[in-house]
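The structure under discussion appears below in the form of structure tokens.
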Amino acid sequence: MTHFRYVASLPLCAPALARAADAPVSAAGSLLQVFVGLVAVLLLIAATAWVAKRFGVARPGASSLLQIVSSASVGARERVVVVEVGETWLVVGVAPGSVNALATLPKGTVPPQAGSGIGLGSPFAARLQQLIEKSPYGDKRREK
């Protein structure tokens, strides 16, 4: 009997439901909501990547047995990499289609690089200063 009361009251609710269904939906509002959601998801992905890089989250399958000591680019897509494996260093040439062992060395220490710090005494800064002085616009720009 109580269910009959709910069914009997449905015609009374029908006009309110019809008005709610006829309410205009703003296309700009919907588009803005989708855009804000997309930006939020992209920011969440970027923040997660930054945290993973900042705190050094290890990749699955990465082993502590291998460590890259140093690498240097020798071409557009070629590199020479020093890899520490246990108590030895392997000097490896890496190209797009191949990896070749170049030398095997006993484990050593990495010397501090003199040119690695950015300062006025670095070779890059000296070369840049040379190019600025040679430039035909070098002194004219300072006078203005």
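Counted the way mature numbering (1 follows the signal peptide of the UniProt record, and there is no 0) counts, the sequence shown spans residues -20 to -1, 1 to 124.
Even glycine gets a Cβ: it sits at the ideal position worked out from N, Cα and C.
- Taking a C-beta distance under 7 Å as the contact criterion, Ala81 and Val72 qualify as a contact pair.
- Look at Leu22 here: in three-state DSSP terms it is helix.
- In this chain, Pro116 is not harboured by any alpha helix (DSSP H), its DSSP state being neither H nor E.
- DSSP lists Gln47, Trp69 as the bridge partner or partners of Glu64.
- Assignment of Arg57 by DSSP, reduced to helix, strand and coil, places it in the coil class.
- Separation of Arg59 and Trp69 (C-alpha to C-alpha, rounded to the nearest whole angstrom) is 16 Å.
- If you check the CB distance, Arg57 and Pro76 come in under 7 Å.
- For the set Arg34, Val62, Pro103, Ile112, the Cα lying nearest the Cα of Ala83 is the one of Val62.
- Going by C-alpha positions, Val21 is about 20 Å away from Ala8.
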